[in-house]
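Peer 1: In the working numbering, the protein residues as written are 6 to 679.
For every residue, glycine included, the Cβ atom is placed at its ideal position computed from N, Cα and C.
Have a look at this one.
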RNA sequence: GGUCCCGUAGCUCAGCUGGAUAGAGCGUUUGCCUCCUAAGCAAAUGGUCGUGCGUUCGAAUCGCAUCGGGAUCGCCA
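Below you can see the structure in the form of structure tokens.
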């Protein structure tokens, strides 16, 4: 356990109060609003009330009866607050020693008894990652790093959703193009995103046309089933307008029609080559895309048709490779990849459904099956346990075609997920949108009797990211990818570096590292629960975001050390002497910096326990900021006297260690020069 | 309509196990490189913490109500 000066003092007073007054509640410490009042403060109101004494009287008693250790220099009482000031020299000597004696400052074994799975990203292999799901990647990555820094065994997994119905049109389109020997000139996942957007639109247009046919609209002869040409648009509009108002389908169909017309023209504008080429291929080669899609999905789910399996795997692997490439740019890595299709082929889905059926936890609606979420939650005490008082809606897990839906595989997957790593905890870093399906999985596990497993699985949810003024939509090929942000950020950064004397190669390297950390930091620093409207300009602006600010503080610190020999200062020697000598604090900037450095270990623990990786990011910012202030206010190598030089050199070494730990936790690369 | 999340400075956000005068960055204005990297520092500007009521010695923080924004609620994941 970490012993902090703050905690020591707290325990000292607390123990006194417990012994003398048999105090029951905990003592709380806070920071005084201004430096003159001291460094640590105890509001006495609550406990004074419990002990039935006036706050000031209690304060007097504490002051007169406790003999404070040397580290406390001043004790005072002010309006019910007991304020204490540290002896800066003793405090700093102690902090420096703690920092220097650890290989990695802040690393500890708080979580060493845990084995934790972090599942993150798990994006659909239908296109590139975009900043929406990338937010999950960043959060999951840092969460994993944090747990691992605190001693937990961490296993980072990616669940590949390769079975979704939406993959089939992509696979169909991909092979239509492949047969034409078309060369792919861009990143695979981006390419697939274009194919997916096109094919899905064709499918929807077909469905719309069929729907309108049912309502009595007649499509023209010789017009493609998969596109809305001008005559289509006109006759559809007229037809829909002339439908009687009371027709229930009218409004929705009209909306659908308008949306598709818009999407079609958007895609023609954005990705003309792919869209038009695929349109003609699909029109001439495929009679009925919808039934082909269903056939493909069914066949892949069964996994018996080798050719189909190969086709799906080829496409999904291509997408996945693209995702991994993107993630690696940002120092984000996975240990294992689990394929949804493997879960389906394990043959365990049907027995699982049967079991739920036997226990009467499924509701039938035609061929469709619904999980009786509320019944399970009620009967098995889930509602009481997690104090849920509202009614949980049922979830569809098998559709009316008899096709099992995503949650079915997810349930089976989760039955085994914990075993795969012998995990004590599992965090699924998944968008908030998935709240209900995630709850359904847990409830299904309850229903299946795996209560213990269910309780160890947590949905770490984060809000979605939108672009300013619009939503991101894969089906409209409208999203911002981390890759393009990376390129933009690099360009911005290069304009700054150009003024310095770096070689082309160095420039490139530096720009890459800064771009990656800046984007990552920009996303990480925000509360996961806040929905974000993403401003590309701001994400990429080196002045706006502070990823560079952090790296700059590190580079500045290193640069001081690298110049030490020129000033005849032997850093190694100074470090060796720290155990014997007392350190000096002269200026306020130094004092603020030391106090922050002292907090680092507890910030990490708090961040991990409260599942707030963003708090680590924001702390790092404060620390870097305090260092910049120190840098400006306190010359190190040219300090007034040798003692001060020593203390400040140790300060620099300490801040470097602090930043190294924090960078490791956030997956930010440090730069020696920038 | 039910459920969940969010409303803090012109903009983007910290602060929320209740604590003293609510903090950063961007923006606007002004200083600081003969001195360890100016991607920095210092200063000015800017807030009835959505609104109301309640609990409390004390509320941005807790409770209730209300308004506004977002997500989700039977066949997509």
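Is it the case that the stretch 86-104 contacts the stretch 418-436, given that we only count it when at least three CB pairs across the two stretches are under 8 Å?
Peer 2: No, because fewer than three Cβ pairs between the stretch 418-436 and the stretch 86-104 fall closer than 8 Å, the two stretches do not touch.
Peer 1: Should residue 267 be labelled buried (16 or more other beta-carbon atoms within 10 Å of its own) or exposed?
Peer 2: Numbered from its first residue, the first chain carries residue 267 at position 262. Counting Cβ neighbours within 10 Å, residue 267 comes out exposed, since fewer than 16 surround it.
Peer 1: Secondary structure at residue 158, three-state DSSP: helix, strand or coil?
Peer 2: Counted from its first residue, the first chain places residue 158 at position 153. Looking at residue 158 - three-state DSSP - the assignment turns out to be strand.
Peer 1: Are residue 487 and residue 335 touching if we call contact CB-CB under 8 Å?
Peer 2: For the purposes of this step, residue 487 is identified with residue 482 of the first chain, where counting begins at 1. For the purposes of this step, residue 335 is identified with residue 330 of the first chain, where counting begins at 1. Against a cut-off of 8 Å, the Cβ pair of residue 335 and residue 487 comes out as a contact.
Peer 1: Please classify residue 135 as buried or exposed, where buried requires at least 16 other C-beta atoms within 10 Å of its C-beta.
Peer 2: Looking up residue 135 in the first chain gives position 130. That one is buried.
Peer 1: With H, G and I counted as helix, E and B as strand and the rest as coil, what does DSSP make of residue 507?
Peer 2: Translated into positions along the first chain, residue 507 becomes position 502. Note: residue 507 maps to coil in three-state DSSP.
Peer 1: Using DSSP with H/G/I as helix, E/B as strand and the rest coil, what is residue 79?
Peer 2: Locating residue 79 in the first chain gives position 74, counting from the first residue. Reduced to three states, the DSSP call for residue 79 is strand.
Peer 1: Buried or exposed: residue 339, going by 16 or more other Cβ atoms within 10 Å of its Cβ?
Peer 2: Mapped onto the first chain, residue 339 falls at position 334. When all chains shown are included, residue 339 counts as buried.
Peer 1: Straight-line CA distance for residue 85 to residue 65?
Peer 2: Residue numbering aside, residue 85 sits at position 80 when the first chain is read from its first letter. Residue numbering aside, residue 65 sits at position 60 when the first chain is read from its first letter. Rounded to the nearest angstrom, the two C-alpha atoms are 10 Å apart.
Peer 1: In chain order, what residues of the same chain lie with their CB nearer than 7 Å to the CB of residue 238, ignoring the 5 residues before and after it?
Peer 2: Working through the first chain from its first residue, we reach residue 238 at position 233. Counting only Cβ-Cβ distances below 7 Å, and skipping sequence neighbours, we find 266.
Peer 1: For residue 394, does the three-state DSSP call read helix, strand or coil?
Peer 2: The sequence position of residue 394 within the first chain is 389, counting from 1. Looking at residue 394 - three-state DSSP - the assignment turns out to be coil, as it is neither helix nor strand.
Peer 1: Kindly indicate which three-state DSSP category residue 9 falls into: helix, strand or coil?
Peer 2: What you label residue 9 is simply residue 4 of the first chain in a count that begins at 1. Here residue 9 sits in coil by DSSP.
Peer 1: CB-CB under 8 Å to residue 444, same chain, minus the five flanking residues each way: which ones, in chain order?
Peer 2: The residue labelled residue 444 in the question sits at position 439 within the first chain. Same-chain partners within the cutoff: 378, 397 and 464.
Peer 1: From what residue to what residue does the alpha helix (DSSP H) around residue 60 run?
Peer 2: Indexing the first chain from 1 puts residue 60 at position 55. Counting along the chain, the alpha helix (DSSP H) containing residue 60 begins and ends at 60-70.
Peer 1: Let me know the alpha helix (DSSP H) ranges lying completely inside the stretch 213-268, each 4 residues or longer, listed in chain order.
Peer 2: With a minimum length of 4 residues, the continuous alpha helix (DSSP H) runs that stay inside the stretch 213-268 are 235-247.
Peer 1: So residue 457 packs on residue 532, CB below 8 Å; how close in whole Å?
Peer 2: Translated into positions along the first chain, residue 457 becomes position 452. Translated into positions along the first chain, residue 532 becomes position 527. With a Cβ gap of about 31 Å, residue 457 and residue 532 do not count as contacting.
Peer 1: Would you decide whether residue 33 is buried or exposed? Buried here means 16 or more other CB atoms lie within 10 Å of its CB.
Peer 2: Taking the first residue of the first chain as 1, we reach residue 33 at position 28. It counts as exposed.
Peer 1: Write down the C-beta distance between residue 150 and residue 479 rounded to the nearest angstrom, noting that I regard them as a contact closer than 8 Å.
Peer 2: Within the first chain, numbered from 1, the residue matching residue 150 stands at position 145. Within the first chain, numbered from 1, the residue matching residue 479 stands at position 474. Not quite, the Cβ-Cβ distance comes to about 28 Å (not below 8 Å), so this is no contact.
Peer 1: DSSP has residue 434 in a bridge; who is on the other side?
Peer 2: Position 429 of the first chain, counted from the start, is the residue given in the question as residue 434. DSSP lists 465 as partners of residue 434.
Peer 1: Over the uninterrupted beta strand (DSSP E) stretch that includes residue 122, give me the two end residues.
Peer 2: For the purposes of this step, residue 122 is identified with residue 117 of the first chain, where counting begins at 1. Counting along the chain, the beta strand (DSSP E) containing residue 122 begins and ends at 120-124.
Peer 1: With DSSP as the reference, identify every bridge partner of residue 272, one or two as the case may be.
Peer 2: Reading the first chain from its first residue, position 267 is the one you call residue 272. Paired residues: none, contrary to the question.
Peer 1: Grab me the residues of residue 273's own chain with a C-beta within less than 8 Å of its C-beta, minus the 5 sequence neighbours each way, in chain order.
Peer 2: On the first chain, residue 273 is found 268 positions in, with the first residue counted as 1. Counting only Cβ-Cβ distances below 8 Å, and skipping sequence neighbours, we find 280 and 281.
Peer 1: Among 409, 633 and 9, which one has its Cα closest to the Cα of residue 562?
Peer 2: Position 557 of the first chain holds residue 562. For the residues 409, 633 and 9, the minimum Cα distance to residue 562 belongs to 633.
Peer 1: If we call anything under 8 Å between Cβ atoms a contact, is residue 515 one with residue 679?
Peer 2: Translated into the one-based positions of the first chain, residue 515 becomes position 510. Translated into the one-based positions of the first chain, residue 679 becomes position 674. Cβ distance < 8 Å, so residue 515 and residue 679 count as in contact.
Peer 1: What is the C-beta distance between residue 110 and residue 585, in whole angstroms, given that I count them as a contact (C-beta under 8 Å)?
Peer 2: Here residue 110 refers to the residue found at position 105 of the first chain. Here residue 585 refers to the residue found at position 580 of the first chain. In fact, because the Cβ distance is near 21 Å, the residues do not count as touching under 8 Å.
Peer 1: What is the residue span of the alpha helix (DSSP H) that residue 623 lies within?
Peer 2: Residue 623 sits at position 618 when you count from the first residue of the first chain. It spans 618-638 - the alpha helix (DSSP H) in which residue 623 sits, taken as one unbroken run.
Peer 1: Looking at the secondary structure, which residues open and close the alpha helix (DSSP H) in which residue 1 lies?
Peer 2: As displayed, the chain neither begins before 6 nor continues past 679, which places residue 1 out of reach and without an answer.
Peer 1: Determine the direct distance from the alpha carbon of residue 520 to that of residue 540, and round the result to whole angstroms.
Peer 2: Within the first chain, the letter at position 535 stands for residue 540. Within the first chain, the letter at position 515 stands for residue 520. Rounded to the nearest angstrom, the two C-alpha atoms are 16 Å apart.
Peer 1: Can you give me the Cβ contacts of residue 60 inside the same chain, cut-off strictly under 7 Å, excluding the 5 residues immediately before and after it?
Peer 2: Within the first chain, numbered from 1, the residue matching residue 60 stands at position 55. Closer than 7 Å at the Cβ level, and outside the excluded window around residue 60, lie 49, 50, 53 and 85.
Peer 1: In whole angstroms, what is the alpha-carbon distance linking residue 337 and residue 161?
Peer 2: Along the first chain, read from residue 1 onward, the residue named residue 337 stands at position 332. Along the first chain, read from residue 1 onward, the residue named residue 161 stands at position 156. So the two alpha carbons sit approximately 10 Å from each other.
Peer 1: Short of 7 Å in beta carbon distance, which residues of its chain neighbour residue 677, apart from the five on each side in sequence? Order them along the chain.
Peer 2: Here residue 677 is taken as the residue at index 672 of the first chain, counted from 1. Excluding residues within five positions, the ones whose Cβ falls inside 7 Å are 560 and 563.
Peer 1: Compare the Cα-Cα distances from residue 164 to each of 283, 216, 416 and 220 and report the closest residue.
Peer 2: Position 159 of the first chain holds residue 164. The option with the nearest alpha carbon to residue 164 is 416.
Peer 1: Could you give the DSSP three-state label for residue 369: helix, strand or coil?
Peer 2: Against the first chain, residue 369 aligns to sequence position 364. In this structure, residue 369 counts as strand in the three-state DSSP scheme.
Peer 1: Could you pull the DSSP bridge partners for residue 4 from this structure?
Peer 2: Any property of residue 4 remains undetermined from this structure, which presents the chain solely from 6 to 679.
Peer 1: With DSSP collapsed to three states, give me the class of residue 482.
Peer 2: Here residue 482 corresponds to residue number 477 of the first chain, with the count starting at 1. Coil.
Peer 1: May I ask which residues mark the beginning and end of the beta strand (DSSP E) holding residue 400?
Peer 2: Walking along the first chain from the start, residue 400 turns up at place 395. Start and end: 400-403.
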